[in-house]
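J.: The structure follows.
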Amino acid sequence: MRALCLLAVALIAGLALTPGASAAPPHVRVVVLDADVDPVTADWVVGQIHAAGRAHDAAVVLELDTPGGLLTSLRQITQAELRSRIPVLAYVAPSGARAASAGFFVLQAADLAAMVPASNTGAATPIDMGGGNVGSDLRGKLIHDSEAQMRFLASGSGRNATAAAQAVEPKSAACLRCPRSWTAAEALHDHVIDLVAADLPALLAQADGRTTVRKHLRLALAGATVERRELPLQLRVLDVLLDPDLITILFLAGILGLAVELTHPGLVLPGLLGGVSLVLALLGLSIVPFSWAGIALFAFGILLLVLEAHVPAHGAFAAVGTLSLLLGAVILFRVDGSPYGTTSFWLAFALAGSLGLISLFFLTRIWQARHLPPRGGVSLVGQAATVATALQPAGQVLIQGERWQARLASGGAAPGERVRVTAQHGLVLAVEREAADPAAQA
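Sequential numbering of the sequence shown, starting at 35, is according to the working numbering.
Here you go:
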């Protein structure tokens with residue numbers, strides 16, 4: 035009996051120590067970042083890195099093709115890379131791809147950095163949301179902070195920190211080619227990346243067996259199965275809607291469309307388009323920080339422009355409404371600490387100015403229409419009318435079931451008296467008392 039137990043234990047131990055033919059191959063998750071680095075894409079990439087760690091994947095590959103993005107968002111991604119319990123590989127692909135600005139930070143934070151031959155990376159100097167240089171008071175702080183972060187990321191991964199820092203800080207004021215950018219071959223030569231691979235299988239083959247510098251993890255990627263994850267369509271749509279300029283246009287179009295529908299019931303199309311635009315704008319506003327003062331100025335401006343068409347104020351409503359729209363657009367996204375930037379002043383100026391000119395055009399047409407002589411139809415001259423409100427000498431008369439402004443040539447007339455139209459001046463009738471009937475006098 036004892037011999038049988040020893041035999042069973044030996045058999046089990048032998049099976050455990052023998053490499054299983056049916057052992058599952060390593061699993062690699064490929065996360066494609068082919069958009070700007072912003073809160074939407076950053077949240078999604080960080081979520082994918084965490085999910086790969088929970089699934090105990092052999093590695094996660096960040097496939098990069100990005101022009102850059104926000105400092106706050108890139109820090110989210112780099113922190114997730116550094117804290118990941120599994121190896122993170124950053125791979126600039128496919129051919130023609132780039133990892134510029136924020137993408138270069140993501141590349142340096144990875145445990146292993148790679149590029150396809152036909153790609154480029156670098157140029158990571160901080161700039162403002164409009165693409166210009168940051169103000170002098172803040173520029174120095176941002177550059178030195180970003181340079182220190184770049185040195186930390188590159189050196190911690192065993193790469194050339196001095197060369198990598200040149201992507202942030204120019205070597206001298208006369209260096210017209212700074213901040214640095216690299217092709218794949220140049221990046222490999224300067225050791226700001228670890229290897230160049232023509233495609234993903236080549237990357238996994240070259241990376242297999244390496245030990246990462248920062249985390250001391252050995253890469254076992256031979257025969258790995260690959261699961262590719264791309265940014266979902268709904269997040270791509272949301273990513274587009276986070277542009278303050280687009281939100282401003284949609285919000286303005288939404289309010290204007292609904293205003294036109296309410297003042298001209300039955301048109302349908304302006305109301306439908308306005309409703310859709312407003313919903314999309316509200317979706318963006320649910321994520322992008324905004325100022326309620328900007329919303330109030332927007333609504334007030336539209337209200338004044340609509341009132342101008344119905345209660346003419348000689349252009350006063352239109353002028354103040356246009357100014358209100360301009361101010362509302364300028365301050366709508368002017369919120370401290372917002373990573374999304376603000377609405378372009380020139381876009382705000384163009385929108386407000388266009389609406390002001392349109393309002394002025396319609397105001398002019400309405401003014402002209404009110405002073406046009408009546409055209410077509412039957413002349414009212416010679417027809418009898420009944421006084422509706424006392425003519426002293428001006429008032430209103432009823433003729434053919436309609437109320438008209440009327441003016442008596444002389445004297446006055448009480449409601450119910452009969453008068454006759456002698457002339458028609460636009461929308462005002464000249465009337466006189468009807469002569470007494472001779473037969474009735476006799």
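Cβ coordinates follow ideal geometry from the N, Cα and C atoms, glycine included.
Please return the same chain residues whose Cβ sits closer than 7 Å to the Cβ of Leu290, not counting the five positions on each side in sequence.
T.: Cβ neighbours of Leu290 beyond the five flanking positions: Gly308 and Ile336.
J.: Near Gly156, which residues of its chain fall below 6 Å by C-beta distance, leaving aside the five closest residues on each side in sequence?
T.: Here the set comprises Phe138, Ala201, Arg214, Ser215 and Trp216.
J.: Mind checking Phe395: buried by the 16 CB within 10 Å criterion, or exposed?
T.: Phe395 should be labelled exposed.
J.: Are Leu432 and Val465 closer than 9 Å when you measure CB to CB?
T.: No, they are not a contact pair.
J.: Specify the secondary structure class of Arg119 as computed by DSSP and reduced to three states.
T.: Arg119: coil per DSSP, three-state reduction.
J.: Going by the CB atoms, is the gap between Val455 and Leu463 shorter than 9 Å?
T.: In this structure, Val455 lies closer than 9 Å to Leu463 by Cβ.
J.: Does the separation of the CB atoms of Thr112 and Asp273 fall below 9 Å?
T.: No; because the gap between Cβ atoms is not below 9 Å, this pair is not in contact.
J.: Below 8 Å on the Cβ atoms is my guess for Phe383 versus Gly362; work out the distance and round it to an integer in Å.
T.: Actually they do not touch by this definition, with Cβ atoms about 12 Å apart.
J.: For Leu360, tell me which candidate among Arg467, Pro449 and Ala386 has the shortest Cα-Cα distance.
T.: For Leu360, the nearest C-alpha among the options comes from Ala386.
J.: What whole-angstrom Cβ distance do Val126 and Arg119 have, given they're in contact under 8 Å?
T.: Val126 to Arg119, Cβ: 24 Å. No contact.
J.: Could you work out which residue in Ser311, Pro278 and Gly190 is closest to Gly328 when comparing CA atoms only?
T.: It is Pro278 whose Cα lies nearest to the Cα of Gly328.
J.: If you compare alpha carbons, which of Leu141, Gln110, Ile227 and Leu275 is closest to Ser311?
T.: The option with the nearest alpha carbon to Ser311 is Leu275.
J.: Note down the Cα distance separating Ala158 from Pro266, rounded to an integer number of angstroms.
T.: The alpha-carbon atoms of Ala158 and Pro266 are separated by roughly 27 Å.
J.: Alpha carbon to alpha carbon, what distance is there between Ala152 and Ser129?
T.: The straight-line gap from Cα to Cα measures roughly 5 Å.
J.: Measure the alpha-carbon distance for Asn167 versus Val66 and round it to whole angstroms.
T.: Low confidence applies here, because Asn167 scores a pLDDT of 48, under 50, leaving its location unreliable; read the following figure in that light. If you take the alpha carbons of Asn167 and Val66, they lie about 29 Å apart.
J.: Does DSSP put Ser180 in a helix, in a strand, or in coil?
T.: In this structure, Ser180 counts as helix in the three-state DSSP scheme.
J.: Taking the beta strand (DSSP E) that Ile433 belongs to, which residues open and close that run?
T.: Its beta strand (DSSP E) spans residues Ala428 to Ile433.
J.: Helix, strand or coil, according to DSSP, for Leu104 in the structure here?
T.: Residue state, collapsed to three classes: coil.
J.: Please determine if the segment 240-247 and the segment 176-185 are in contact, where contact requires at least 3 C-beta pairs separated by less than 8 Å.
T.: At 8 Å Cβ cutoff, the stretches do not touch.
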